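Only one structure is covered here, and it is reproduced in the block below.
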Amino acid sequence: MTDITNTPTSEYDAQLGDYFALLKPRVMSLVVFTAFVGLLAAPVSVNPVIGFCAILFIAIGGGASGALNMWWDADIDAVMRRTRGRPIPSGRVQPGEALTLGVALSGLSVMMLALATNLLAGGMLLFTILFYAVFYTMWLKRLTPQNIVIGGAAGAFPPVIGWVAATGSFSVEAWLMFALIFMWTPPHFWALALFMRSDYDDAKVPMLTVTHGRPATRLHIFVYTVLLAALAIGTAFTAIGGIFYFAVALVLNAAFLLGAYRIWNRDEVMAEGDDYAEERKFFRLSLAYLFLHFGAILGEAALRTFGLGGW
Amino acid sequence: MGIRPEHELHNRRRGRNIGVGLMLGAFVVLIMALTYVKITQTDFELPPEQREVTQ
């Protein structure tokens, strides 16, 4: 029989906040918001309790994949300035605890989402967790400079899961929301990689900036932004779009395209001259860009309930 | 064996334990609410083997 007084104790006991940090709360807030929009943009009414459960378990599933990512990537997180304060590299949480938490919350969230909504939504959440934790984190992240593109796909699933939780099936509109996040992620992260200069080099993660150079990354940002703008504006003419969304998308994409064009037209000397001001500005704009696009989709859904919205 | 004074570990982990307890409590309440909503929905159906028993 074991006695609790015999349990070896470390100098620091992980607090709830440390475990919560393993779930990547900032990424989780994006997951919650986009899943919420996916759920409400769907053309069916959802019971508020079921809707709340759906968002909660999608968020927990997203957090679980974040914990698995932190468990696997602890070695490179310790090298990068941006991530060395995370719970595992800073010693606040043991790697085994992160793995256990990730696996347990994955199982719980998938099972509960399937029970609360439908099997397809649960299956989609399981696929997303495996896609992010195994396919992206364990396999492709350290293998290919297209890692961000693939990782973006994992982050793009939440609105689809929200939609499927509400309707029980897929549709073009759900995949348009997926495509919006999927196309947005590369320019967002490549802008970050441009001004977090040495981080990815030090960690030997094959980011585009390291493998193909910074001018190629600038061109990639511009090309992806052009494609994203076409997609984002085109979404206005679908069932989830409308005049309000169109106006928002027009303004945001004009600003985003201008930012991407400026980044493309700069070289490292110019960027270092103003400490990557354009790249930082573009990165900040990208956060507002995604939030406001999904906000506009939500706005259209709200307008439709009053018989407005659409064209 | 009688009740022993609390180990310092209990004090150190108090916040964490209270937090876990509250989360488990909230989870139970959530499951109750979800169950209530599910069984009061109009499309709720008992499994066939239970239907025979209740008829």
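Going down the list, the sequences are from chains A and B. Under this note's numbering, the first residue of the first sequence is numbered 126, with each subsequent residue one higher. Under this note's numbering, the first residue of the second sequence is numbered 116, with each subsequent residue one higher. C-beta: ideal position from N, C-alpha, C; glycine also. Just so we're clear, the structure is a prediction, and the values are computed from it rather than from any experiment.
Taking buried to mean at least 16 other C-beta atoms within 10 Å of its own C-beta, is residue i buried or exposed?
i	result
B:I154	exposed
A:G186	buried
A:S294	exposed
A:Y370	buried
A:M332	buried
B:T150	exposed
A:N194	buried
B:E164	exposed
B:D158	exposed
A:V330	buried
A:P283	buried
A:Y137	exposed
A:V162	buried
Taking C-beta pairs closer than 8 Å, name the residues in chain A that residue i reaches, listed in chain order.
i	result
B:G136	What B:G136 touches in chain A: nothing, since even the nearest Cβ is about 11 Å away.
B:V152	N172, V174 and I175
Could you tell me the boundaries of the alpha helix (DSSP H) in which residue i lies?
i	result
B:K153	R129 to T155
A:S190	P173 to W197
A:F362	From DSSP, A:F362 is part of no alpha helix (DSSP H); its letter is neither H nor E.
A:L418	The amino acid occupying residue 418 of chain A in the given sequence is His; Leu does not appear at that position. It spans A402 to T430 - the alpha helix (DSSP H) in which A:H418 sits, taken as one unbroken run.
A:M263	Taken as a continuous stretch (DSSP letters only), A:M263 belongs to no alpha helix (DSSP H), as it is neither H nor E.
A:W315	V297 to F320
A:I273	N272 to A281
A:L250	L244 to L255
A:L233	P220 to A241
A:G398	E393 to G398
A:Y386	I368 to W389
A:L164	P150 to A166
A:L141	L141 to L147
Name, please, each residue of chain A whose Cβ falls closer than 7 Å to the Cβ of residue i.
i	result
B:R127	D138
B:A148	V174
B:L145	C178
List, in chain order, every chain A residue whose beta-carbon is nearer than 9 Å to that of residue i.
i	result
B:G130	Q140 and L141
List the residues of chain B that residue i touches, going by C-beta distances under 7 Å, in chain order.
i	result
A:A241	L149
- Message: I want to know whether the segment 274-292 of chain A touches the segment 245-254 of chain A - three or more CB-CB distances under 8 Å.
- Response: A contact exists between the segment 274-292 of chain A and the segment 245-254 of chain A.
- Query: Should the segment 305-322 of chain A be called in touch with the segment 267-285 of chain A, which here means at least 3 C-beta pairs below 8 Å?
  - Reply: Look at the beta carbons and you see the segment 305-322 of chain A touching the segment 267-285 of chain A: at least three pairs across the two are nearer than 8 Å.
- Query: So, do the segment 389-400 of chain A and the segment 333-347 of chain A have three or more beta carbon pairs nearer to each other than 8 Å?
  - Reply: Yes: the two stretches touch, three or more of their Cβ pairs being nearer than 8 Å.
- Message: Under 8 Å, with one C-beta from each stretch per pair, do the segment 418-434 of chain A and the segment 357-368 of chain A reach the 3-pair mark?
- Response: Three or more pairs of CB atoms, one per stretch, sit closer than 8 Å, so the segment 418-434 of chain A contacts the segment 357-368 of chain A.
- Taking contact to mean at least 3 C-beta pairs separated by less than 8 Å, is the segment 167-177 of chain A in contact with the segment 142-149 of chain A? Between the segment 167-177 of chain A and the segment 142-149 of chain A there are fewer than three C-beta pairs closer than 8 Å, too few to call the two in contact.
- Message: Measuring CB atoms only, is the segment 344-352 of chain A touching the segment 372-387 of chain A, in the sense that at least three cross pairs come out at less than 8 Å?
- Response: Yes: at least three Cβ pairs fall under 8 Å.
- Message: Within 8 Å, do at least three Cβ pairs link the segment 296-305 of chain A to the segment 227-244 of chain A?
- Response: Flag = no, the segment 227-244 of chain A and the segment 296-305 of chain A do not touch.
- Message: Can you confirm whether the segment 209-227 of chain A touches the segment 144-155 of chain A when touching is taken to mean that 3 or more C-beta pairs between the two stretches lie within less than 8 Å?
- Response: Touching, yes.
- Can at least three beta-carbon pairs, one atom from the segment 215-233 of chain A and one from the segment 191-207 of chain A, be found at a separation below 8 Å? The segment 215-233 of chain A is in contact with the segment 191-207 of chain A.
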